[in-house]
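To start, the structure itself, in structure tokens.
In the working numbering, the protein residues as written are 10 to 109.
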């Protein structure tokens, strides 16, 4: 989903979840949106996933779109290396609420 389309999406829908995915060993964050049907979309700019350098940058962008709640999910590459499903794929067990 393009960053420019996020505000319009928020205005039309009310049942979705925003996840801020932090990658272990990295200082970058990505934003993922999951709608009620379970479709996941990464926040993009010109067709490429956006990498935010700080949570403050994420907060500012999400606030501009009218979002005030999201979940921080830590992606740990170790899970994939040993053949387990990525930990952030189970958001209920691995998320921390963010309110801004």
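For glycine and all other residues, C-beta sits at the position ideal for the given N, C-alpha and C. It should be emphasised that the depicted structure is a prediction, and the values quoted were computed from it without experimental measurement.
- Here DSSP, grouped into helix, strand and coil, assigns residue 20 to helix.
- Judged by pairs of C-beta atoms under 8 angstroms, the stretch 41-50 does not touch the stretch 60-74, as fewer than three such pairs exist.
- Per DSSP, residue 59 is not a residue of any alpha helix (DSSP H), being assigned neither H nor E.
- Residue 26 carries a strand assignment under DSSP once its states are collapsed to helix, strand and coil.
- Here residue 54 is not near residue 36, since their CB atoms are 9 angstroms or more apart.
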